[in-house]
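Quick mapping for you: the protein sequence lines, in order, are chains B and F. For the first sequence, position 54 (counting from the first letter as 1) is numbered 54 according to my numbering, and the numbering increases by one without interruption. Count along the second sequence from 1, then add 112; that gives the number in my numbering. C-beta: ideal position from N, C-alpha, C; glycine also.
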Amino acid sequence: GIQVEQSPPDLILQEGANSTLRCNFSDSVNNLQWFHQNPWGQLINLFYIPSGTKQNGRLSATTVATERYSLLYISSSQTTDSGVYFCAVPPYSGAGSYQLTFGKGTKLSVIP
Amino acid sequence: GAGVSQSPSNKVTEKGKDVELRCDPISGHTALYWYRQRLGQGLEFLIYFQGNSAPDKSGLPSDRFSAERTGESVSTLTIQRTQQEDSAVYLCASSLGPGQGWGGYTFGSGTRLTVV
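What follows is the structure in structure tokens.
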């Protein structure tokens, strides 16, 4: 199956700083999502981004499918950005777009 | 409903008892997924339902785990003879299905299961 690696595993930021989270995957995919799990455990869908670039406020994401990676950018970080960021892709190349395998996540802590 | 609803939010059970967890997906979402998340870990796929098709049960960890879904409505995940290693948060998600434009998962708030 497709392997998903996220880096860094842990990240501590001063409030206001920018950061880039990376997701590498081992095979071609037709689907990729980024999620944020807040400290209370709620999982929020940030981006559905199998290719290209999308932006939503202070967050943006870019997926370069041909090179098998995706990046999540967080600008002007806030304490509410703290939590775990997960990247998810289909479990194997050619799988329907509807089942996802999750990486182990990047734990982000934003300190005031 | 407006979001994915899971119940109960918390469940404490004694080892060996059976438990049933419920997920009510977003209205119109034909696809429904169950995941398990152990403390400090990532999400582990359990089962996937799409409309009236046979479910993908490839992630169920043992025959003590089963799930049902009637049509495109509520799903229940049943764990029989619970063990301490079953302690985890059980997360349900729903999405549009094939031909509907997908758009990504929406997760419920989860059921925190503690087996004592």
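Query - Delimiting residues of the beta strand (DSSP E) encompassing residue 224 of chain F - result: The residue given as residue 224 of chain F occupies position 112 in the second sequence. Segment 223-227, the beta strand (DSSP E) holding residue 224 of chain F.
Query raised in the report: Do you know whose CA, among F/165, F/227, F/125, lies nearest residue 182 of chain F's CA?
Result: Here the question's residue 182 of chain F lines up with position 70 in the second sequence. The residue with the shortest Cα to Cα distance from residue 182 of chain F is F/165.
Query raised in the report: What's the gap between the Cα of residue 147 of chain F and the Cα of residue 17 of chain B?
Result: One-based indexing of the second sequence puts residue 147 of chain F at position 35. One-based indexing of the first sequence puts residue 17 of chain B at position 17. The alpha-carbon atoms of residue 147 of chain F and residue 17 of chain B are separated by roughly 33 Å.
Query raised in the report: What residues in the stretch 23-47 of chain B bring their beta carbon closer than 7 Å to a beta carbon of chain F?
Result: When C-beta distances to chain F are compared with 7 Å, the residues of the stretch 23-47 of chain B below that value are 33, 41, 42, 43, 45, in chain order.
Query raised in the report: Buried or exposed: where does residue 49 of chain B fall if 16 or more other Cβ atoms within 10 Å of its Cβ makes it buried?
Result: Walking along the first sequence from the start, residue 49 of chain B turns up at place 49. Buried is the call here.
Requested in this report: Using a Cβ cut-off of 8 Å (strictly closer), state whether residue 106 of chain B contacts chain F.
Outcome: Against the first sequence, residue 106 of chain B aligns to sequence position 106. Judged by the 8 Å Cβ criterion, residue 106 of chain B is not in contact with chain F.
Requested in this report: Tell me whether the beta-carbon of residue 125 of chain F lies closer than 8 Å to the beta-carbon of residue 201 of chain F.
Outcome: Within the second sequence, residue 125 of chain F is the residue found at index 13, counting from 1. Within the second sequence, residue 201 of chain F is the residue found at index 89, counting from 1. Against a cut-off of 8 Å, the Cβ pair of residue 201 of chain F and residue 125 of chain F comes out as no contact.
Requested in this report: Would you list, in chain order, the members of the stretch 49-61 of chain B that have their beta-carbon closer than 9 Å to a beta-carbon of chain F?
Outcome: none
Requested in this report: Check whether the Cβ of residue 137 of chain B lies closer than 8 Å to any Cβ atom in chain F.
Outcome: The shown model of chain B, from 1 to 112, leaves out residue 137 of chain B, and the question about it has no answer.
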